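Taking it in order: structure first as structure tokens, then the write-up.
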Amino acid sequence: MALVIHDLPAAIRQAKQDLRKRLPNYREVFLDVEKAIVDEANAIAALRDRGASVIPEIQFADIAQGRVSQDTIALVKTRGACVIRNVFDRTIVEGWDAEIAEYVDKNNLDKRLEHRAEDKYFGQLKSSKPQIFGVYWSRPQVLARESAELTTARVFLNRLWKTQSEGRVHFDPDHVPVYADRMRRRPPGSESLGLSAHCDGGSVERWIETNFRNVYRHVFNGDWRAYDPFDAAYRTEVEEIASPAVCSMFRTFQGWTALTPQGPGDGTLQLVPIANSMAYILLRALQDDVPEDDLCGAMPGRALSIKPEYHAPLFDALSSIPKMNAGDTVFWHSDVIHAVEDEHKGAGYSNVMYIGSVPSCAKNDAYLRRQLPSFLEGTSPPDFAPDNFEVDFIGRATAADLSDMGRTQMGFGL
Numbered sequence: 063m064a065l066v067i068h069d070l071p072a073a074i075r076q077a078k079q080d081l082r083k084r085l086p087n088y089r090e091v092f093l094d095v096e097k098a099i100v101d102e103a104n105a106i107a108a109l110r111d112r113g114a115s116v117i118p119e120i121q122f123a124d125i126a127q128g129r130v131s132q133d134t135i136a137l138v139k140t141r142g143a144c145v146i147r148n149v150f151d152r153t154i155v156e157g158w159d160a161e162i163a164e165y166v167d168k169n170n171l172d173k174r175l176e177h178r179a180e181d182k183y184f185g186q187l188k189s190s191k192p193q194i195f196g197v198y199w200s201r202p203q204v205l206a207r208e209s210a211e212l213t214t215a216r217v218f219l220n221r222l223w224k225t226q227s228e229g230r231v232h233f234d235p236d237h238v239p240v241y242a243d244r245m246r247r248r249p250p251g252s253e254s255l256g257l258s259a260h261c262d263g264g265s266v267e268r269w270i271e272t273n274f275r276n277v278y279r280h281v282f283n284g285d286w287r288a289y290d291p292f293d294a295a296y297r298t299e300v301e302e303i304a305s306p307a308v309c310s311m312f313r314t315f316q317g318w319t320a321l322t323p324q325g326p327g328d329g330t331l332q333l334v335p336i337a338n339s340m341a342y343i344l345l346r347a348l349q350d351d352v353p354e355d356d357l358c359g360a361m362p363g364r365a366l367s368i369k370p371e372y373h374a375p376l377f378d379a380l381s382s383i384p385k386m387n388a389g390d391t392v393f394w395h396s397d398v399i400h401a402v403e404d405e406h407k408g409a410g411y412s413n414v415m416y417i418g419s420v421p422s423c424a425k426n427d428a429y430l431r432r433q434l435p436s437f438l439e440g441t442s443p444p445d446f447a448p449d450n451f452e453v454d455f456i457g458r459a460t461a462a463d464l465s466d467m468g469r470t471q472m473g474f475g476l
């Protein structure tokens, strides 16, 4: 169900009034949060500047054999992100990359992109022109989503969450539905802007909508240290403002799979690897220097922008992910701040398939029922701008390409 707000300035003023009444010492609590975040950001920056990795790295074989250490799991939950190495064999992924190149070339995607719909989701960001293409149903994308390897990796990630709390079971971590997303194909020397720092999965709703407030109940009650970013309570019940590119599924982690080698300087992903940074963002908007009808620039139906004028300490921790090889994956918590480097200074294509981690729950099942016709017809999925490029694409994946597990993950039989 989509959230509708008719008078946004009034809704923001009312939300601030309600939240400050609920937390009269919002100034003091924010100062406590700010100090903790500054300390964490400084520690991450110091590690990064010494050349140390700030994003935990896990070998896929360790996940498959159940030997990931508790220390590593604790670090993933602190940083809210991880790189999983060698999920796919390099030769398989190189074949996928070549097949995608042929798929978009023989179907004249470049020409069709001249007429693509404007989703405006990233429009408020200073850097807002990522080379992300509205292609969802190529065979490699479909095969990767249903693969045993990515299924195993995503079940592992889902299980990092607290799936039972507040007297309820929130989702089933062992079943991984498909959330069809796009791809990035970024040529070397690309000068188009990437993406400035932002969060997905809700903007103004986080302060206004009841279930979003419940997600962050400990923060808004002033007991912010009790806030657990991996507690799934209320997250499967939130209502987003409908807009193209706003995800209406619940993702435990956003993610992508590398189709080509890429690293810092290659127009790659950047993260603020602080899992509980949302506590800072939420309370920052309640402070007295922010206009009463404003939430640090948050706009409905858009990415939640992170701005230097309001969120300066977080930028100290903004770090490019490590060098990725074809077949590696990266995942980041759905509340983690991320960006894309503005320039691709490398020598080869920087290509990825966006494939996140999604668990089974009523909210996600409802989306699957809406998404399945898009797969069968080759249209853009419900969350995205209706470009519908692939309706007549030669070589598009069909139901015949799906394994039994793939059919279940796609929502056949729901």
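Start counting the sequence shown at 63; every next residue gets the next number (my numbering). Note that beta-carbon positions come from the ideal geometry of N, C-alpha and C, so glycine has one too. Remember, it's a predicted structure, so these values are computed and weren't measured experimentally.
Using beta-carbon positions only, say whether residue i and residue j come within less than 9 Å of one another.
i      : j      : result
Lys78  : Leu344 : no
Phe122 : Phe233 : no
Asn283 : Leu85  : yes
Leu331 : Ile383 : yes
Ala379 : Ile336 : yes
Leu212 : Thr314 : no
Leu333 : Ser367 : no
Asp243 : Met415 : yes
Val300 : Val277 : yes
Ser442 : Tyr198 : yes
Thr214 : Ala307 : no
Ile478 : Ser339 : Beyond the ends of the chain as shown, which are 63 and 476, falls residue 478; an answer cannot be given.
Lys139 : Leu222 : yes
Glu302 : Gly263 : yes
Ile399 : Cys261 : yes
Arg275 : Leu81  : yes
Val485 : Thr391 : Outside the modelled stretch of the chain, which goes from 63 to 476, sits residue 485, for which no answer is possible.
Asp427 : Pro239 : yes
Val166 : Ser209 : no
Asp328 : Gly410 : yes
Among the candidates the options, whose CA atom is the shortest distance from the CA of residue i?
i      : options                        : result
Ala424 : Leu205, Tyr296, Thr153         : Tyr296
Leu464 : Val204, Ala160, Arg82, Ala108  : Val204
Asp69  : Tyr289, Asp356, Thr314, Tyr372 : Asp356
Met245 : Ile417, Ile456, Leu476         : Ile417
Val217 : Cys358, Gly128, Leu333         : Gly128
Asp404 : Val138, Asn169, Ala259         : Ala259
Leu109 : Tyr88, Arg141, Ile125          : Arg141
Arg458 : Gln324, Leu438, Asn387         : Leu438
Asp159 : Ser436, Asn87, Pro202          : Pro202
Ala341 : Ala72, Ala73, Val91            : Val91
Phe377 : Arg89, Glu102, Val95           : Glu102
Ala304 : Ala447, Arg247, Arg75          : Ala447
Arg544 : Asp293, Ala210, Pro250, Glu208 : Nothing about residue 544 can be reported from this structure: the residues present for the chain run from 63 to 476 only.
Glu228 : His280, Arg268, Gly363         : His280
Ile270 : Gln76, Gly475, Gln471          : Gln76
Ser419 : Gln471, Gly327, Tyr165         : Gln471
Pro323 : Pro249, Ala288, Ala365         : Pro249
Leu137 : Val145, Pro118, Asp124, Val130 : Pro118
Arg364 : Val352, Tyr372, Cys309, Gly410 : Cys309
Glu161 : Arg247, Val130, Lys97          : Arg247
Ala288 : Val95, Pro239, Ser200, Ser422  : Val95
Thr225 : Ser422, Leu476, Asp124, Arg432 : Ser422
Thr506 : Asp111, Asn387, Gly329, Asp133 : The structure shown does not extend to residue 506, since the chain spans only 63 to 476, so no value can be given for it.
Ala374 : Ala72, Lys97, Asp124           : Lys97
Thr272 : Trp286, Gly251, Asp285, Thr298 : Thr298
Asn87  : Pro71, Ile135, Trp286          : Trp286
Ala72  : Ile194, Ala461, Glu164, Pro353 : Pro353
Can you round the beta-carbon distance between residue i and residue j to whole angstroms, since I take them to be within the 8 Å contact cut?
i      : j      : result
His9   : Pro291 : Limits of the chain in this structure are 63 at one end and 476 at the other, which puts residue 9 out of reach.
Asp393 : Ala143 : Position check: residue 393 holds Phe in this sequence, whereas Asp was assumed. Right, the Cβ-Cβ distance comes to about 7 Å (below 8 Å), so this counts as a contact.
Asp449 : Gly196 : 4 Å
Phe451 : Leu171 : 7 Å
Pro444 : Ile67  : Not a contact, Cβ separation roughly 20 Å.
Gly389 : Val155 : 5 Å
Leu434 : Gly468 : Between Gly468 and Leu434 the Cβ distance is about 12 Å, and since that is not below 8 Å, they are no contact.
Ile456 : Lys173 : That belief does not hold up - the Cβ atoms of Ile456 and Lys173 are roughly 15 Å apart, past 8 Å.
Lys385 : Gly440 : Not a contact, Cβ separation roughly 35 Å.
Legend entry - Contact the region 313-328 vs the region 146-166: 3+ CB pairs below 8 Å: yes
Inset, instruction - Kindly provide the ranges of any beta strand (DSSP E) runs that are 3 or more residues long and lie completely inside the region 241-286, ordered along the chain. - result: 245-248, 257-261
Inset, instruction - Tell me the start and end of each unbroken beta strand (DSSP E) in the region 314-359 that is at least 3 residues and wholly inside, in chain order. - result: 315-320, 331-333
Inset, instruction - Can you check the region 417-453 for any alpha helix (DSSP H) of at least 4 residues that lies completely inside it and give the ranges in chain order? - result: 424-439
Inset, instruction - Mind listing, in chain order, the continuous beta strand (DSSP E) runs of no fewer than 3 residues lying wholly within the region 107-140? - result: 119-121
Legend entry - Entirely enclosed beta strand (DSSP E) segments - the region 371-405, minimum 3 residues: 391-395, 400-402
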